[in-house]
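Before any comments, here is the structure.
Protein chains: 2
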Amino acid sequence: MLSSLSYAILALLATKPQSGYDIARQMRPPLGLLWQAKHGQIYPELARLVKLGLVEVERIDKQSGPPRRVHTITAAGRSELTRWIVKSPQARPANDEFVIKAYALRRVPLGAATSLLNDQIQTHEHRIAALEQLHQAFVSRNTKATAFDSPRFGEYAALRRAIGFEREHAAWCRWLLSELTATEKPGRKGVRQPAVGRSSAARRK
Amino acid sequence: MLSSLSYAILALLATKPQSGYDIARQMRPPLGLLWQAKHGQIYPELARLVKLGLVEVERIDKQSGPPRRVHTITAAGRSELTRWIVKSPQARPANDEFVIKAYALRRVPLGAATSLLNDQIQTHEHRIAALEQLHQAFVSRNTKATAFDSPRFGEYAALRRAIGFEREHAAWCRWLLSELTATEKPGRKGVRQPAVGRSSAARRK
DNA sequence: GATACCATGTAAGTCGTTACATGATTAT
DNA sequence: ATAATCATGTAACGACTTACATGGTATC
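Written out as structure tokens, the structure reads:
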């Protein structure tokens, strides 16, 4: 069985032939929307896919530096990718360090907790702004790129998911901050937010 | 430096002394809200924390089976935990296999894509229902358990985050399905949902 | 002259999963 | 009887990060 990273690489190569560096650039944290990985993991994985016959490599010599190695997905690679996509996955753990911090947040001084949350909220706002700029670029450049049958739909879907998750995380941080503030100043009950209601999708209708 | 798992263990032990088995139970997938790990990782990590003096262990012999080993956080453990909480973290990668599938979804037959999405949506609905039941139990059993200064606030915060993320993921899957359906039957433009709007938090105001 | 980007790879080490190993107790 | 839960640990392997290693090109 192949790793998730292998399938992420195959998915990228299915759109067009690319070098390891190209792949690494698209997977670079923190803006790798499809999958995040470092080149130290990508190059060996690519070599493995070549050895398995799922990917072919063409070496292009240059006057200077290492030769550029352009990788192309093979027919076997494409069928392996589609085979993998259609079988249902089991959900990943999705461990998040910040949940641990929130879990034990009442054990630290209120001031430190407040500034931690403000830091976190600001970080997420910045990330959201960057993602929304990408979204704008997507929608305005070519409206058809957002349609399901467009070759760039995959990118668009990954981008929407990233925006949704960042917003959800930011909202949760703001809720934490409001709870904390309500404790600090018990008179201000107005800032407390209501209990978990219906999902945003339900509200959207 | 310690691993995230170590801090998750310290956070759990900060609430009360527990055995490795107790910790493993709370971290068991798929309902480990704070952090997910298997006992094969937890037992060695606990031993390491004991060796570092952040945790103490009391061996309780029983008539049968292995002795129960109850772990207690030390003063050094508590201060290490609070020290770690207050310094801002860098965000985790948060890789999700399903994003790869969505990225390349237009490469598989429409029928297979549809049933994959329906499967995924159903799985998430089930998870949401289970989490909401936990939430109900929390709110109805003791209203004060949801306040920031309650000893169980950490659990509650982790639960709210899990619910929010599951809902966001389910909403994204439903969006994918609506895009796919719009492609299949181009006459039905009504099912298409609008472009990314304002965040749910913004709407909540 | 320093920093960033292009471009490829390897090595050591940590994090995490899966399986092996053992054995009593409780519920169906 | 069979399975699930209680209860602890280790070993092998795979996934991932960080650092080492090299060297040209472009920008400030």
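Line order of the protein sequences matches chains P and F. Read left to right, the first sequence gives residues 347 to 551 (our numbering). Read left to right, the second sequence gives residues 347 to 551 (our numbering). Where a beta carbon is used, it is the ideal one built from N, C-alpha and C, also for glycine.
Report yes if the C-beta distance between residue i and residue j is below 8 angstroms; otherwise report no.
i	j	result
Ser350/F	Glu443/P	yes
Val542/F	His481/P	yes
Gly457/P	Ala422/P	no
Glu525/P	Phe484/F	no
Ala450/P	Ile431/F	yes
Ser434/P	Asp368/F	no
Leu348/P	Gly366/P	no
Ile509/F	Glu471/F	no
Glu512/P	Arg473/P	yes
Arg452/P	Phe499/F	yes
Leu505/F	Leu463/F	no
Closest to residue i by C-alpha separation, out of the options, would be which residue?
i	options	result
Ala503/P	Arg473/F, Arg405/F, Gly457/F, Ala448/F	Ala448/F
Thr420/F	Ile509/F, His472/F, Val396/F	Val396/F
Arg424/P	Thr361/P, Gly510/P, Leu451/P	Thr361/P
Val401/F	Ile467/F, Leu522/F, Thr469/F, Ala354/F	Ala354/F
Thr492/P	Thr460/F, Ala528/F, Ala459/F	Ala528/F
Taking the alpha-carbon positions, what's the residue i to residue j distance?
i	j	result
Ala476/F	Val416/F	30 angstroms
Gly411/F	Pro363/F	21 angstroms
Ser496/P	Met373/F	41 angstroms
Arg394/F	Arg405/F	16 angstroms
Gly378/P	Lys490/P	23 angstroms
Ser352/F	Leu380/P	29 angstroms
Arg507/F	Ala516/P	10 angstroms
Ala459/P	Trp521/P	13 angstroms
Trp518/P	Gln468/F	24 angstroms
Thr418/P	Arg429/P	18 angstroms
Asp407/F	Ser461/P	46 angstroms
Tyr389/F	Glu501/P	41 angstroms
Val403/P	Arg414/P	10 angstroms
Gln409/P	Ala370/F	57 angstroms
Our contact map puts residue i next to residue j with C-beta atoms below 8 angstroms; I'd like the distance itself, whole angstroms only.
i	j	result
Asn441/P	Gln387/F	Rounded, the Cβ-Cβ distance is 12 angstroms, inconsistent with contact.
Leu427/P	Leu358/P	Incorrect: roughly 11 angstroms between the Cβ atoms, too far for contact.
Ala437/F	Pro376/P	6 angstroms
Closer than 8 angstroms between beta carbons: that is the criterion. Which residues of the region 435-451 of chain P meet it against chain F?
Pro435, Ala437, Arg438, Pro439, Ala440, Asn441, Asp442, Glu443, Phe444, Val445, Ile446, Lys447, Ala448, Tyr449, Ala450, Leu451
Relative to chain P, which residues along the region 518-529 of chain F have a C-beta separation below 8 angstroms, given in chain order?
Trp518, Arg520, Trp521, Leu522, Glu525, Leu526, Ala528, Thr529
Residues, ordered as in the chain, of the region 422-434 of chain F that lie near chain P by beta-carbon distance below 7 angstroms:
Leu427, Thr428, Ile431, Val432, Ser434
Can you list, in chain order, the residues of the region 372-385 of chain F whose Cβ is nearer than 7 angstroms to any Cβ on chain P?
Pro375, Pro376, Leu380, Trp381, Gln382
In chain order, what residues of the region 354-371 of chain F put their CB closer than 9 angstroms to some CB of chain P?
So the close ones are Ala354, Leu356, Ala357, Leu358, Ala360, Thr361.
Just by C-beta distance, which residues in the region 453-473 of chain P are closer than 9 angstroms to chain F?
Within the region 453-473 of chain P, the residues whose Cβ lies closer than 9 angstroms to any Cβ of chain F are, in chain order, Arg453, Val454, Pro455, Ala458, Ala459, Ser461, Leu462, Asp465, Gln466, Thr469, His470, Arg473.
For the region 500-514 of chain P, list every residue whose C-beta sits within 8 angstroms of some C-beta in chain F, in sequence order.
Gly500, Glu501, Ala503, Ala504, Arg506, Arg507, Ile509, Gly510, Phe511, Arg513, Glu514
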